[in-house]
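Peer 1: Residue numbers (our numbering): 2 to 312.
No residue lacks a Cβ here, since even glycine has one placed at the ideal position from N, Cα and C.
Note that this is a predicted model, so its numbers are computed, not measured.
Structure provided below as structure tokens; questions to follow.
Listed below in structure tokens is the structure:
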């Protein structure tokens, strides 16, 4: 008859096997373990040997099961931690870590797919009022505008597929630089420089141009429906776009890139995604973007000047 020790070992093995089955069942891992033994009751040495072998086998199986369970748990955790791509948004942010002179001198990178971010802080003429000093400054700036042909010659780079300048007769003459591919929120901090917004071109084939309102963006407010925007390419060719719509939005949470906006014309509240889709997506066109200041808040709103190609 088996000794008390043998019965305890056998009970332990049964419990271990039941525990192993429980772990495997819960994790839906199917493992078949066949354990067979022949015990010669009369031969105590054989019994002891088989008991030791069986104990070692069960221990090995238990270790294997635990290792499999850990691997499954880690795999499930990794799959749950895959980051989700953020939604499109119009954000108030400035990134200036890349020297702008380097960007101006090296405009050879084609548009790439980067999560979009819009123009940011600006100081805008408020409530349509302008004092005499501002008017005199505006007149002085207009008097320094080059003639169109000279403007083209000054900014040509030879790159036929790159926009290098923007011209509006009697209003502005701006050089255009492209965002660095690793800085989707970059907006130039140099005057008379507009920044090419990569995301609309990549995802809709449309042109987007950004500028701070206290720099080149201040000229955007002098434009109106019917004005002609001429985008100049690096080879000297240009394309005409006619302003058909100027849309203005109040940012309900100016510092929140995912905040909602209010259409100042209709009073409709819209998400940042919907605003982006409305002004940048759709049929081929150019959109100019800058910020609106109001009541001391430099990020109070956004202005978008929409211009499809001239027929």
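Could you pull the start and end residues of the alpha helix (DSSP H) that residue 280 belongs to?
Peer 2: Looking at the DSSP string, the run of the alpha helix (DSSP H) that includes residue 280 is 273-281.
Peer 1: Could you please give me the residues that DSSP links to residue 249 through a beta bridge?
Peer 2: Paired residue(s): 304.
Peer 1: So, is residue 67 buried or exposed, given that buried needs 16 or more other C-beta atoms within 10 angstroms?
Peer 2: Residue 67 is exposed by the Cβ-count criterion.
Peer 1: For the beta strand (DSSP E) that contains residue 242, what are its first and last residues?
Peer 2: Segment 239-243, the beta strand (DSSP E) holding residue 242.
Peer 1: Pair every Cβ in the region 162-180 with every Cβ in the region 189-207, then say whether three or more of these pairs are closer than 8 Å.
Peer 2: Taking 8 Å as the limit for Cβ pairs, the verdict is that the region 189-207 does touch the region 162-180.
Peer 1: Quick one: measure Cβ to Cβ for residue 280 and residue 235, integer angstroms, because I've assumed they're closer than 8 Å.
Peer 2: That pair is no contact at about 26 Å.
Peer 1: Counting only the same chain and skipping the five closest in sequence on each side, list residues whose C-beta sits under 6 Å from that of residue 153.
Peer 2: Cβ neighbours of residue 153 beyond the five flanking positions: 233, 237.
Peer 1: Check the DSSP bridge columns for residue 264 and list the partner residues they point to.
Peer 2: Answer is 250.
Peer 1: Who are the near neighbours of residue 146 in its chain, counting only those whose CB is closer than 7 Å to its CB and skipping five residues on each side?
Peer 2: Excluding sequence neighbours, residue 146 sits near 174.
Peer 1: Enumerate in chain order the residues of its own chain whose CB-to-CB distance from residue 308 is below 7 Å, with the five nearest sequence positions on each side excluded.
Peer 2: Cβ neighbours of residue 308 beyond the five flanking positions: 230, 242, 243, 244, 245, 286, 287.
Peer 1: Quick one: is residue 187 near chain E, going by C-beta distance under 8 Å?
Peer 2: Among the chains of the structure shown, chain E does not appear; only one protein chain is present.
Peer 1: Tell me, to the nearest whole angstrom, how far the beta carbon of residue 200 is from that of residue 185; I am working on the premise that it is less than 8 Å.
Peer 2: Yes, residue 200 and residue 185 are in contact; Cβ-Cβ is about 7 Å, under 8 Å.
Peer 1: Which residues share a DSSP beta bridge with residue 234?
Peer 2: According to DSSP, which records beta bridges pairwise, residue 234 is partnered with 164.
Peer 1: Does the beta-carbon distance from residue 297 to residue 252 come in below 8 Å?
Peer 2: Their beta carbons are not under 8 Å apart, which means residue 297 does not touch residue 252 by this criterion.
Peer 1: Could you give the residue range of the beta strand (DSSP E) that holds residue 179?
Peer 2: Residue 179 -> beta strand (DSSP E) spans 173-179.
Peer 1: Measure the alpha-carbon distance for residue 306 versus residue 274 and round it to whole angstroms.
Peer 2: Their Cα atoms are separated by approximately 18 Å.
Peer 1: Closer than 8 Å by C-beta to residue 226: which residues in its own chain qualify, once you throw out the five before and the five after it? Chain order, please.
Peer 2: Excluding sequence neighbours, residue 226 sits near 244, 245, 246, 247.
Peer 1: What are the start and end residues of the alpha helix (DSSP H) that includes residue 217?
Peer 2: Residue 217 -> no alpha helix (DSSP H), and no H or E assigned at all.
Peer 1: In whole angstroms, what separates the C-alpha of residue 291 from that of residue 264?
Peer 2: Distance between the alpha carbons of residue 291 and residue 264: 15 Å.
Peer 1: Between the C-alpha atoms of residue 299 and residue 284, what's the straight-line distance to the nearest angstrom?
Peer 2: In a straight line, the C-alpha of residue 299 is about 31 Å away from that of residue 284.
Peer 1: Looking at residue 221 and residue 304, is the spacing between their C-beta atoms short of 8 Å?
Peer 2: In this structure, residue 221 lies closer than 8 Å to residue 304 by Cβ.
Peer 1: If distances are taken between C-alpha atoms only, which option among 250, 261, 255, 254 comes closest to residue 267?
Peer 2: It is 250.
Peer 1: Starting from the C-beta of residue 260, find all residues in its chain whose C-beta is less than 7 Å away, skip the five residues before and the five after it, and write them out in chain order.
Peer 2: The answer, listed in chain order, is 252, 253, 254, 273.
Peer 1: Based on DSSP bridge pairs, tell me the residues matched to residue 195.
Peer 2: Answer is 177, bridged to residue 195.
Peer 1: Quick one: give me the first and last residue of the beta strand (DSSP E) that residue 151 is part of.
Peer 2: Run containing residue 151: none in the beta strand (DSSP E); it sits in the alpha helix (DSSP H), 149-156.
Peer 1: With distances taken between CB atoms, is the gap from residue 161 to residue 282 smaller than 8 Å?
Peer 2: Taking 8 Å as the Cβ cut-off, residue 161 and residue 282 do not qualify as a contacting pair.
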